[in-house]
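A.B. asks: Chains as they are written, first to last, in my numbering: chain G, 225 to 558; chain A, 225 to 558; chain R, 225 to 558; chain Y, 225 to 558. Glycine residues also receive a C-beta, built at the ideal position from the N, C-alpha and C atoms. All of these numbers come straight from a predicted model, not from anything done at the bench. Here's a structure for you.
Number of protein chains: 4
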Amino acid sequence: MQQRIRVGVIGAGRIGKIHAENIVKGFPQVEVKAIADVYADKIKDWAVGLGIKHIYSDYKKIIEDKEIDTVIICSSTDTHAQITIEAAQTGKNIFCEKPIDYDVERIHQALAAVEKAGVKFQVGFNRRFDHNFKKVRELIANGSIGDIQVVKVISRDPAPPSPQYVKVSGGMFLDMTIHDFDMVRYLTGSEVVEVYANAAVLVDKAIGEAGDVDTALISLKFENGAIGMIDNCRQAVYGYDQRVEVLGTKGAISVANDTPTTVVVSTESSVTSDKPKYFFLERYMESFQEEMKDFFNSISNNTVTPVTGVDGLKPVLIGLAAKRSCEEGRPIRL
Amino acid sequence: MQQRIRVGVIGAGRIGKIHAENIVKGFPQVEVKAIADVYADKIKDWAVGLGIKHIYSDYKKIIEDKEIDTVIICSSTDTHAQITIEAAQTGKNIFCEKPIDYDVERIHQALAAVEKAGVKFQVGFNRRFDHNFKKVRELIANGSIGDIQVVKVISRDPAPPSPQYVKVSGGMFLDMTIHDFDMVRYLTGSEVVEVYANAAVLVDKAIGEAGDVDTALISLKFENGAIGMIDNCRQAVYGYDQRVEVLGTKGAISVANDTPTTVVVSTESSVTSDKPKYFFLERYMESFQEEMKDFFNSISNNTVTPVTGVDGLKPVLIGLAAKRSCEEGRPIRL
Amino acid sequence: MQQRIRVGVIGAGRIGKIHAENIVKGFPQVEVKAIADVYADKIKDWAVGLGIKHIYSDYKKIIEDKEIDTVIICSSTDTHAQITIEAAQTGKNIFCEKPIDYDVERIHQALAAVEKAGVKFQVGFNRRFDHNFKKVRELIANGSIGDIQVVKVISRDPAPPSPQYVKVSGGMFLDMTIHDFDMVRYLTGSEVVEVYANAAVLVDKAIGEAGDVDTALISLKFENGAIGMIDNCRQAVYGYDQRVEVLGTKGAISVANDTPTTVVVSTESSVTSDKPKYFFLERYMESFQEEMKDFFNSISNNTVTPVTGVDGLKPVLIGLAAKRSCEEGRPIRL
Amino acid sequence: MQQRIRVGVIGAGRIGKIHAENIVKGFPQVEVKAIADVYADKIKDWAVGLGIKHIYSDYKKIIEDKEIDTVIICSSTDTHAQITIEAAQTGKNIFCEKPIDYDVERIHQALAAVEKAGVKFQVGFNRRFDHNFKKVRELIANGSIGDIQVVKVISRDPAPPSPQYVKVSGGMFLDMTIHDFDMVRYLTGSEVVEVYANAAVLVDKAIGEAGDVDTALISLKFENGAIGMIDNCRQAVYGYDQRVEVLGTKGAISVANDTPTTVVVSTESSVTSDKPKYFFLERYMESFQEEMKDFFNSISNNTVTPVTGVDGLKPVLIGLAAKRSCEEGRPIRL
């Protein structure tokens with residue numbers, strides 16, 4: 225039987241709320257004892273409705289609560305590393321939203337604190353827990369398509385962020401592609417050793433003026449000899465495009481988009497079907513529950529978490545290399 | 225703002241448990257105050273875990289509880305009508321699993337009690353709340369395909385029931401096709417006026433020996449002039465096949481099966497994709513939540529329920545006609 | 225090595241021209257020596273361009289030509305039986321367009337003449353030679369899906385015929401469904417023993433006034449115990465809908481429509497793909513060549529033709545039964 | 225009305241035979257007067273069967289024949305440029321299989337001769353005439369998806385060539401990718417300005433030992449700002465994979481593989497559908513006819529051919545750049 229887990233959620237923005245609700249509704253053996261958010265007032269009704277007893281504006285109250293053994297870090301990215309360190313030092317298990325940080329040095333500091341404390345640490349790369357991609361990984365891992373030769377990820381958003389957001393986002397490669405860098409590592413089980421980013425501003429000039437790109441084809445070489453490609457765009461007008469294709473020596477695997485329904489309408493003018501599910505909340509909702517399930521299982525069974533600190537670090541390294549490739553117009557070795 | 229609703233669940237078999245869990249997790253304004261099951265002992269741990277306070281072996285305790293304003297009837301079919309009558313007489317709103325009864329007279333008695341009491345009454349035809357079929361209905365209702373000419377439902381189970389079950393089930397037309405009779409009424413918005421059942425025993429001889437059929441193509445005529453067909457089989461080895469097709473004067477609509485993933489594997493020998501979701505629990509889980517949502521909304525907003533008493537009666541009438549058509553080898557008028 | 229075959233084509237309407245062109249271009253060992261059409265003048269340029277030496281207005285010239293060993297009968301239906309008899313009596317092999325006749329007695333006379341003469345005789349049920357349907361038959365025949373339980377054919381035209389045509393067409397069941405009656409016999413390898421036609425006038429009232437129906441769901445029972453359904457409509461606004469589905473004890477087979485391209489366009493408003501290939505000329509062009517190939521092979525190798533006289537007779541019998549079922553509102557035994 | 229065209233076919237290997245047969249069967253106004261092949265003896269029976277009067281071992285006989293106004297050059301690649309020059313000098317229109325040559329200087333010489341003579345010249349990039357890709361080009365050209373942002377071509381062969389062939393093939397980029405370089409130019413209507421080849425030996429080590437690669441992801445930048453990617457592999461075990469995807473500011477277009485049938489088989493173990501059409505002969509047969517049609521139309525109507533000399537030159541230049549990119553491990557500007 226599973227031990228009782230007492231959780232504090234830090235940061236109650238969109239993703240913090242999702243995690244809190246999923247835990248309350250889906251994990252009877254887990255109690256969300258407290259939640260902290262700088263705008264504590266605004267979340268009060270919502271938190272009370274969920275039966276959460278303590279609502280703080282200062283996350284330190286959670287760190288200091290000795291009954292709380294686990295934190296879910298959903299605050300702004302620049303606070304992840306610091307909170308991770310403090311939580312680790314007080315012996316708390318940690319689920320940390322991606323990315324750990326944009327600064328490699330601070331990631332190392334956070335991971336060192338985690339290691340020293342011997343607590344569980346999981347990074348929020350939720351797409352690994354998606355029904356489609358998890359199945360692809362299983363098929364690859366059991367040898368269904370032999371040795372991997374080519375891995376391709378298509379990841380396009382339905383609408384671009386504002387140029388203001390772009391300025392503070394760390395850039396497309398760290399903000400958006402980071403999920404895809406994780407995905408290719410997850411699918412291939414191999415490390416990226418070289419990256420070349422063919423990128424452009426084709427969606428919104430203001431994004432270019434903010435110093436970023438909005439469309440990219442990112443070429444990859446893997447340690448195991450395979451090659452890969454990530455196809456990103458900040459705007460696909462038909463919606464959130466989330467696909468992968470893998471070619472191996474014994475076959476190929478592809479994943480199509482999930483759609484709201486399977487309805488097809490045929491009229492005199494056309495045959496039409498559903499666009500992809502709108503955006504990540506619709507598309508990946510289930511995966512947020514699944515990643516929590518695996519996180520709590522790792523705690524209960526004292527096993528390695530499915531997305532480790534290294535898994536949090538590597539995509540940032542690849543993202544920084546992609547950025548440099550784009551700036552220097554050449555492939556970058558990692 | 226929604227009023228507080230206090231629910232008693234009667235019958236805690238598979239579907240009773242699903243409803244109880246869905247209500248506890250998904251409807252903060254609804255309290256499951258009590259649950260009754262003839263095997264109260266066996267459900268104790270589960271019910272306590274859900275936070276349900278009262279666990280009875282006698283459903284009358286729920287009927288007698290004046291604080292409980294709503295019952296969810298999930299007990300065996302032969303008790304539906306009686307419990308409906310008692311719940312109505314005590315002023316309780318009623319959600320009743322399908323079918324209300326196999327006896328038309330008893331259905332009329334139950335519906336009369338409901339009408340006299342003026343309580344809400346909804347029958348558990350959950351497939352109306354399925355994402356695919358609801359979309360089909362919307363498209364038809366808004367005129368997307370003009371006037372309906374032909375409606376077709378494919379509904380095949382992954383595995384046949386035991387011959388023992390068959391004997392007490394009311395027969396395939398009342399046990400299985402009843403969902404499809406509801407579906408064609410729902411989709412067309414028109415009544416069935418004639419039915420011809422072309423049926424056979426092609427899955428399991430023991431089903432035939434138990435006096436039933438296991439495979440059928442059921443031809444329908446509708447009040448609005450349209451024609452229709454239901455394709456049933458107690459066993460499709462590839463899984464739970466749940467599709468519809470509708471032809472209208474301005475176009476056609478079709479619905480494919482839902483699958484666990486969109487993964488396609490291509491090898492030297494074949495291109496393979498997922499089989500349909502395994503059975504009704506996997507396929508229709510969401511619809512069980514949706515029907516509850518609409519039921520509670522009908523109570524809160526004092527509106528007509530989306531599946532009325534008449535909607536519970538009509539499929540039974542069609543099912544009995546199909547049975548007779550099968551026995552007499554000719555079309556039967558309703 | 226194949227013997228030289230000398231062909232006379234009788235009737236140069238749309239289908240006669242197709243056969244003549246296919247033979248000239250595709251069968252070097254076959255010579256189209258002559259062509260006959262009541263409007264000989266109108267086809268002169270076309271026939272000369274194809275290198276056909278003799279162009280007659282009277283088909284008897286072809287019958288009398290002793291060098292011609294094979295006739296392709298593409299004239300109007302009411303002449304098929306008579307020409308068949310004359311061609312058989314002069315020892316010519318015969319390819320006859322469907323139907324042989326609408327009169328069962330005349331079909332018997334024609335087939336008797338064929339049998340007496342011992343000539344080859346093939347009926348133009350070209351859909352048996354279609355890439356999709358041929359594959360379905362192969363899969364069934366080699367046991368891929370076990371014993372057949374349910375066979376379903378969807379066959380809808382893109383546009384209805386004129387009411388004038390309807391009057392002389394023999395009615396939908398003999399004019400249009402006849403192909404589908406052949407298809408179910410071909411796919412199942414079993415005879416239809418009962419038919420029930422659920423039909424209506426839902427496309428064009430003028431068709432009803434001309435004494436015919438335009439929409440039908442035709443229920444079938446087969447000798448081997450299987451059941452089936454044919455879904456016909458004189459007008460599907462989205463185009464020529466030609467599909468089959470077969471359910472067996474070990475699996476199911478389905479065939480989707482052929483489309484001009486595999487292009488899918490995704491925009492902000494929709495995801496659209498191609499409508500089916502427009503009509504039978506586009507959809508079945510290849511099958512017209514294939515049926516000729518098998519016909520000439522039957523002659524060269526002295527083997528049974530793939531669509532025999534009985535195959536020409538049976539669909540007419542089923543069609544007449546369907547007509548009667550429709551008139552009398554009850555299933556008809558064959 | 226079209227003028228009479230007299231053709232000489234030079235080279236009767238696989239593709240030469242296809243062109244000769246297509247012309248004989250499909251173009252009544254075109255006469256194949258002569259055919260030349262170094263192994264004239266071996267093609268005699270075939271050529272006589274087609275009704276070709278003159279069969280030569282020396283192509284000069286065709287060049288010298290003043291009645292012949294058009295040549296179809298299907299000989300080995302190293303002879304294309306020389307024969308083009310000679311044919312141009314004798315005023316003959318020229319259809320030349322791809323590539324014109326691997327040597328850029330010789331291509332220039334050939335094109336200069338063509339220009340000086342003012343004859344028609346078309347290169348055999350047949351995929352432009354494929355039903356799928358032609359439709360994609362039309363949709364792009366008419367603005368259906370706005371401005372192109374990303375173009376992607378997948379082109380994988382079902383089986384690798386022999387290492388011996390690889391040695392004389394000019395390498396994968398010039399032998400195989402050349403079609404894809406043409407395709408991206410055709411689809412985008414824009415020139416490639418930079419190429420980066422991420423390539424590896426993942427199919428057959430012997431290909432690597434022969435100095436070539438067998439798997440590649442080729443990144444492209446276009447003059448109009450769009451970016452692109454070509455995905456090549458010498459072996460996809462599931463068959464000939466020929467797809468494109470284009471993303472534009474107003475939508476996206478994708479093309480799936482053509483398959484022999486649309487049959488889907490669902491069993492207890494899986495849902496399977498057809499693999500792609502086997503190889504280029506099956507997949508692109510129709511396009512070989514279509515390119516001839518447009519070529520002869522260009523002659524008859526005195527219009528520009530749909531694949532000009534420049535269209536023959538550019539893919540070679542891109543291929544050479546890709547080769548260099550691969551050797552130097554960096555993007556190459558054109």
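Could you name the residues of the same chain whose beta carbon sits closer than 7 Å to that of I542 of chain Y, not counting the 5 residues immediately before and after it, in chain order?
C.D. replies: One-based indexing of the fourth sequence puts residue 542 of chain Y at position 318. If we look at I542 of chain Y and ignore the five residues flanking it on each side, its Cβ neighbours are F405, V416, V419 and L558.
A.B. asks: So P323 of chain R and Y502 of chain R are supposed to be a Cβ contact under 8 Å. How far apart are they, rounded?
C.D. replies: Residue 323 of chain R sits at position 99 when you count from the first residue of the third sequence. Residue 502 of chain R sits at position 278 when you count from the first residue of the third sequence. Wrong, their Cβ atoms sit about 24 Å apart, outside the cutoff.
A.B. asks: Bridge partners for G275 of chain A per DSSP, in chain order?
C.D. replies: To locate residue 275 of chain A, count along the second sequence from 1; it is residue 51. Answer is none; G275 of chain A lacks a bridge partner.
A.B. asks: Quick check on DSSP: helix, strand or coil for K222 of chain A?
C.D. replies: In the structure displayed, chain A extends from 225 to 558; residue 222 of chain A sits before or after that span and is not available.
A.B. asks: Locate the beta strand (DSSP E) running through N422 of chain R, then write down its first and last residues.
C.D. replies: As a first step, residue 422 of chain R must be located in the third sequence, where it is residue number 198. Here the beta strand (DSSP E) through N422 of chain R covers V416 to A424.
A.B. asks: Per DSSP, T294 of chain G is paired with what?
C.D. replies: Within the first sequence, residue 294 of chain G is the residue found at index 70, counting from 1. Note: T294 of chain G sits in a beta bridge opposite G:V231 and G:N317.
A.B. asks: For a quick check, are the C-beta atoms of G452 of chain Y and V375 of chain Y less than 7 Å apart?
C.D. replies: Indexing the fourth sequence from 1 puts residue 452 of chain Y at position 228. Indexing the fourth sequence from 1 puts residue 375 of chain Y at position 151. Contact: yes.
A.B. asks: What does a CB cutoff of less than 7 Å around I242 of chain A pick up in its chain, not counting 5 residues either side in sequence?
C.D. replies: Position 18 of the second sequence, counting from 1, holds the residue named residue 242 of chain A. Contacts found: F512.
A.B. asks: G273 of chain R versus chain Y: which residues are under 9 Å apart at the beta carbon?
C.D. replies: Here residue 273 of chain R refers to the residue found at position 49 of the third sequence. Ordered by position in chain Y, the residues that pass the 9 Å Cβ test against G273 of chain R are P252.
A.B. asks: Does I563 of chain A have its Cβ less than 7 Å from a Cβ in chain R?
C.D. replies: Shown here, chain A extends from 225 to 558; a query on residue 563 of chain A therefore has no answer.
A.B. asks: In the structure shown, what three-state DSSP assignment does M453 of chain R receive?
C.D. replies: On the third sequence, position 229 is the one that residue 453 of chain R refers to. Note: M453 of chain R maps to strand in three-state DSSP.
A.B. asks: Helix or strand or just coil, what does DSSP make of G536 of chain Y?
C.D. replies: Along the fourth sequence, read from residue 1 onward, the residue named residue 536 of chain Y stands at position 312. G536 of chain Y: helix per DSSP, three-state reduction.
A.B. asks: Counting Cβ pairs closer than 8 Å, one from the region 324-342 of chain Y and one from the region 483-492 of chain Y, do we hit at least three?
C.D. replies: no
A.B. asks: Is the CB-CB distance between I239 of chain A and C298 of chain A below 7 Å?
C.D. replies: Sequence index remark: in the second sequence, residue 239 of chain A carries index 15 (1-based). Sequence index remark: in the second sequence, residue 298 of chain A carries index 74 (1-based). Result yes, Cβ atoms of I239 of chain A and C298 of chain A sit closer than 7 Å.
A.B. asks: Under 6 Å Cβ to Cβ from L335 of chain A, same chain only, skipping five residues before and after it: list those, please.
C.D. replies: Counted from its first residue, the second sequence places residue 335 of chain A at position 111. Same-chain partners within the cutoff: G533.
A.B. asks: Can you tell me whether DSSP reads S493 of chain A as helix, strand or coil?
C.D. replies: Looking up residue 493 of chain A in the second sequence gives position 269. S493 of chain A falls in the coil class under three-state DSSP.
A.B. asks: Quickly, what does DSSP pair G394 of chain A with across the bridge? List them, please.
C.D. replies: One-based indexing of the second sequence puts residue 394 of chain A at position 170. According to DSSP, which records beta bridges pairwise, G394 of chain A is partnered with nothing at all.
A.B. asks: For Q346 of chain R, decide whether its Cβ has a neighbour in chain A, counting only Cβ atoms nearer than 7 Å.
C.D. replies: Numbered from its first residue, the third sequence carries residue 346 of chain R at position 122. Answer no: the Cβ-Cβ gap between Q346 of chain R and chain A never drops below 7 Å.
A.B. asks: Since N456 of chain Y and M400 of chain Y are thought to touch, with beta carbons under 8 Å apart, how far apart are those beta carbons, to the nearest angstrom?
C.D. replies: For the purposes of this step, residue 456 of chain Y is taken as residue 232 along the fourth sequence, with counting starting at 1. For the purposes of this step, residue 400 of chain Y is taken as residue 176 along the fourth sequence, with counting starting at 1. Their Cβ separation, rounded to whole angstroms, is 6 Å, which keeps N456 of chain Y and M400 of chain Y in contact under 8 Å.
A.B. asks: Per DSSP, what kind of secondary structure is I378 of chain Y in: helix, strand or coil?
C.D. replies: What you label residue 378 of chain Y is simply residue 154 of the fourth sequence in a count that begins at 1. DSSP, reduced to helix, strand and coil, places I378 of chain Y within a strand of the structure shown.
A.B. asks: Just verifying my parser: in three-state terms, what is the DSSP assignment at D280 of chain R?
C.D. replies: To locate residue 280 of chain R, count along the third sequence from 1; it is residue 56. Note on residue identity: the sequence assigns Tyr, not Asp, to residue 280 of chain R. Looking at Y280 of chain R - three-state DSSP - the assignment turns out to be strand.
A.B. asks: Below 8 Å on the Cβ atoms is my guess for R352 of chain Y versus Y410 of chain Y; work out the distance and round it to an integer in Å.
C.D. replies: Locating residue 352 of chain Y in the fourth sequence gives position 128, counting from the first residue. Locating residue 410 of chain Y in the fourth sequence gives position 186, counting from the first residue. With 8 Å as the limit, R352 of chain Y and Y410 of chain Y qualify as a contact, their Cβ atoms being about 5 Å apart.
A.B. asks: What does T439 of chain A pair with, by DSSP beta-bridge criteria?
C.D. replies: Within the second sequence, numbered from 1, the residue matching residue 439 of chain A stands at position 215. DSSP lists A:A424 and A:C457 as partners of T439 of chain A.
A.B. asks: Can you name the residues of chain G whose CB is closer than 7 Å to the CB of Y462 of chain R?
C.D. replies: Counted from its first residue, the third sequence places residue 462 of chain R at position 238. Per Cβ cutoff of 7 Å: S490, T491, E492 and V495.
A.B. asks: Helix, strand or coil, according to DSSP, for A430 of chain Y in the structure here?
C.D. replies: Numbered from 1 along the fourth sequence, position 206 holds the residue referred to as residue 430 of chain Y. Of the three classes helix, strand and coil, the one that applies to A430 of chain Y here is helix, per DSSP.
A.B. asks: Is any beta-carbon of chain R found at less than 7 Å from that of R554 of chain A?
C.D. replies: Walking along the second sequence from the start, residue 554 of chain A turns up at place 330. Closer than 7 Å: yes.
A.B. asks: Thinking D518 of chain R and V347 of chain R are a contact (beta carbons under 8 Å), I'd like their distance in whole angstroms, please.
C.D. replies: Walking along the third sequence from the start, residue 518 of chain R turns up at place 294. Walking along the third sequence from the start, residue 347 of chain R turns up at place 123. Between V347 of chain R and D518 of chain R the Cβ distance is about 12 Å, and since that is not below 8 Å, they are no contact.
A.B. asks: If the cut-off is 7 Å on Cβ atoms, which residues from the region 352-363 of chain R count as contacting chain Y, listed in chain order?
C.D. replies: H355, N356, K359, V360 and L363
A.B. asks: Sort Y:A421, Y:H304, Y:T496 and Y:L471 by Cα distance to E552 of chain Y and report the nearest one.
C.D. replies: Translated into positions along the fourth sequence, residue 552 of chain Y becomes position 328. The shortest C-alpha separation from E552 of chain Y is found at Y:A421.
A.B. asks: Grab the span of the beta strand (DSSP E) containing F345 of chain A for me, first residue to last.
C.D. replies: In the second sequence, counting from the first residue as 1, residue 345 of chain A sits at position 121. That run of the beta strand (DSSP E) goes F345 to V347.
A.B. asks: How is H342 of chain G classed by DSSP in three states: helix, strand or coil?
C.D. replies: Your numbering for residue 342 of chain G matches position 118 in the first sequence. The sequence shown places Gly at residue 342 of chain G, not His. Correct three-state label for G342 of chain G: coil.
A.B. asks: Have a look at A:C320, A:D293 and A:I292 and flag the residue whose alpha-carbon is nearest the alpha-carbon of D302 of chain A.
C.D. replies: Numbered from its first residue, the second sequence carries residue 302 of chain A at position 78. Residue A:C320 is the option with its Cα nearest to D302 of chain A.
A.B. asks: Verify whether the separation of the beta carbon atoms of V531 of chain G and I477 of chain A is less than 7 Å.
C.D. replies: Here the question's residue 531 of chain G lines up with position 307 in the first sequence. Here the question's residue 477 of chain A lines up with position 253 in the second sequence. No, the pair does not count as a contact, with Cβ atoms beyond the cut-off.
A.B. asks: DSSP three-state label for I259 of chain G, please.
C.D. replies: The residue given as residue 259 of chain G occupies position 35 in the first sequence. Annotated three-state conformation of I259 of chain G is strand, per DSSP.
A.B. asks: Can you tell me whether L558 of chain G is helix, strand or coil according to DSSP?
C.D. replies: As a working mapping, residue 558 of chain G is identified with position 334 in the first sequence. In this structure, L558 of chain G counts as coil in the three-state DSSP scheme.
A.B. asks: Across which residues does DSSP place V470 of chain G in a beta bridge pair?
C.D. replies: Locating residue 470 of chain G in the first sequence gives position 246, where the first residue counts as 1. Per DSSP, G:V375 and G:I477.
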